[in-house]
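Just so we're aligned: 139 in full-length UniProt numbering is position 139 of the sequence shown, and the numbers increase by one with no gaps anywhere. Data block below; observations after.
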Amino acid sequence: MELTPVGGHLKSLNNCLAWLPSLEEIQQLLVSIIVEFMVTLESDWTHLFVETNNIRLHTVTQGEGELVVLLHGFPEFWYAWRYQIPALARYFKVVVPDLRGYNDSDKPESGYDLDTLVADIQGLIQRLGYAKAHIVGHDWGGLIAWHFAQKFPESLNRLAILNAPPPYRFVQELVSNLDQVRRSWFIFAFQVPGIPEWLIQQNLKEFVTTALREHAIRKGAFSAEETQIYEAALQKPGVLHAAMSYYRHLFWPPIWVLNWVRAPQQVLSPTLVLWGKEDSFLSHHLTEGLDRLIAAPFKLKLIPDCGHWMQQEVPQTVNRELLNFLRR
């Protein structure tokens, strides 16, 4: 019997191992499989592009009836509403855009001020053939929703906000409340051109994991696979620069911000505000005094044991509250 030298076996083993994919390739494959699985589950969801305000927004839609528009925040995209879309679509036409600059929507160099962002949504509603919509917003999507209510009251049915203060109130707190400054320190860091994008890109996996999983009170809200999906959306060219541009336009132009803070316009539509009480980014004290801003039926509900990402941390609670409010 002929014996093969040990060195020969090792060489053969190395040759076999050379064909194995790297860890990064395995992760990319897993994300592709997950996304494909999502598409299979979303057989009733339609992905379409809508031209609005001189840009093209990617949207996910499902259902028929009165229009409900769901607006995501940072660092998310339409996928943040994955638990709400099918629940709301039983009674409404649900449309969830990737906001300007995010995921598969256009990423122009300009247009990240609130006036332009709400014009994007106004145009979206009109292009879909509707005169009015219910609008639900979270985080940045919530700031846009508040501003939409003040800018286009005639186009709004009902307003629902998840963990997002009115923009004027947020600016006030950022210049006067040390606790909120501590919670929102990153907003000031994001004002530096170019550097935040580069730093996040170099540490994207850690950034996404920290922002989503570590700041969630319900730690099971984000699986490793789900954070990889968010990471893949942020990796697309131009997304991080666009996302930073939202923050850089929050205080600009100064005269506009000053007038805005001094004389906020009242909200004339019925309004629901849901707030994860343990939000580490935005204190629930930002909800104080909202009744003075809203000249319509208003409900505020603080959700205990819930953080900033509430539609993903407590989806059944959010779905129930939204349906009870929107179906009135």
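Think of the CB as a built atom: it goes at the ideal place given N, C-alpha and C, for glycine as much as any other residue.
(message) What does the alpha-carbon distance come out to for the pair Y246 and V50?
(response) If you take the alpha carbons of Y246 and V50, they lie about 21 Å apart.
(request) Using alpha carbons as the reference points, say which of Y79, E109 and V69 lies closest to V95. (result) Nearest of Y79, E109 and V69 to V95, Cα basis: V69.
(request) Would you kindly work out how many angstroms separate the C-alpha atoms of G238 and K107, rounded to a whole number? (result) The C-alpha of K107 is placed about 6 Å away from the C-alpha of G238.
(message) Please classify Q84 as buried or exposed, where buried requires at least 16 other C-beta atoms within 10 Å of its C-beta.
(response) Burial of Q84 is indicated by the presence of at least 16 other C-beta atoms within 10 angstroms of its C-beta.
(request) Have a look at N163 and V175 and give me their C-alpha separation to the nearest angstrom. (result) It is roughly 19 Å from the alpha-carbon of N163 to the alpha-carbon of V175.
(message) Could you pull the DSSP bridge partners for K93 from this structure?
(response) Answer is L67, bridged to K93.
(request) Decide if the segment 306 to 319 is in contact with the segment 266 to 276; the criterion is three or more beta carbon pairs, one per stretch, under 8 Å apart. (result) Put simply, the segment 306 to 319 touches the segment 266 to 276. At least three CB pairs are less than 8 Å apart.
(message) Taking only three categories from DSSP, how would you classify Q62?
(response) Strand, per DSSP.
(request) Measure the CB-CB distance between G73 and D115 and report whether it falls below 9 Å. (result) Not closer than 9 Å, so no.
(request) Give the DSSP-derived three-state secondary structure of V192 in the structure shown. (result) V192 sits in coil when the DSSP states are folded into three classes, being neither helix nor strand.
(message) Can you check which of these residues, A242, L204 and V60, is closest to A232 by C-alpha distance?
(response) Here the closest residue by C-alpha is L204.
(message) Quick test of the definition: if touching needs 3 or more C-beta pairs under 8 Å, does the segment 48 to 68 touch the segment 124 to 139?
(response) In short, these stretches touch, since the Cβ pair count reaches three.
(message) Given a cut-off of 9 Å on the beta-carbon distance, is the pair Q172 and L282 in contact?
(response) Cβ distance not < 9 Å, so Q172 and L282 don't count as in contact.
(request) Could you pull out every residue in the same chain whose Cβ sits closer than 7 Å to the Cβ of Q265, ignoring the five residues on either side in sequence? (result) Result list for Q265: Q150, in chain order.
(request) Would you be able to state if there are at least three C-beta pairs under 8 Å between the segment 195 to 202 and the segment 297 to 305? (result) In short, these stretches do not touch, since the Cβ pair count stays below three.
(request) Within the same chain, show all residues whose beta-carbon is closer than 7 Å to that of Y130, passing over the 5 residues directly before and after it, in chain order. (result) So the qualifying residues of the chain are L67.
(request) Could you check which residue in H58, E76, V60 and I55 has the C-alpha nearest to that of Q312? (result) Of H58, E76, V60 and I55, the residue nearest in Cα terms is E76.
(request) Take K132 and list the residues in its own chain whose beta-carbon comes closer than 7 Å to its own, dropping the five residues that flank it on each side. (result) For K132, where only same-chain residues beyond five positions count, the Cβ hits under 7 Å are S155, L156 and N157.
(request) May I ask which residues mark the beginning and end of the alpha helix (DSSP H) holding L143? (result) Counting along the chain, the alpha helix (DSSP H) containing L143 begins and ends at W140 to K151.
(request) Could you tell me which residues DSSP puts in a beta bridge with W275? (result) In DSSP, W275 forms a bridge with L302.
(message) Less than 9 Å between the beta carbons of G111 and D104, yes or no?
(response) Going by beta carbons, G111 and D104 fall outside the 9 Å limit.
(request) Just tell me which of I55, P304, F92 and G141 has its CA closest to the CA of T61. (result) Selected option, being the one with the closest Cα: F92.
(request) Just confirm the distance between the C-beta atoms of V314 and R213, as a whole number of angstroms; I'd bet it's less than 8 Å. (result) The pair is not a contact, with the Cβ atoms about 16 Å apart (cut-off 8 Å).
(request) Flag this pair as yes or no: are the beta carbons of L124 and H147 separated by less than 9 Å? (result) No, the pair does not count as a contact, with Cβ atoms beyond the cut-off.
(message) Just to confirm the assignment, what range does the alpha helix (DSSP H) spanning I125 have?
(response) In the DSSP assignment, I125 falls within the alpha helix (DSSP H) that extends over L114 to R127.
(request) Starting from L174, trace the alpha helix (DSSP H) both ways and give me its first and last residue. (result) It spans P167 to S176 - the alpha helix (DSSP H) in which L174 sits, taken as one unbroken run.
(request) Pull up the CB-CB distance for L234 and V208, whole angstroms please, since I reckon it's below 8 Å. (result) The beta carbons of L234 and V208 sit about 7 Å from each other, so the pair counts as a contact at 8 Å.
(message) Among the candidates L99, P270 and R82, whose CA atom is the shortest distance from the CA of N53?
(response) With distances taken between Cα atoms, N53 lies closest to L99.
(request) Let me know the secondary structure DSSP gives F186 once reduced to three states. (result) In the structure shown, F186 adopts helical secondary structure according to DSSP, grouped into three states.
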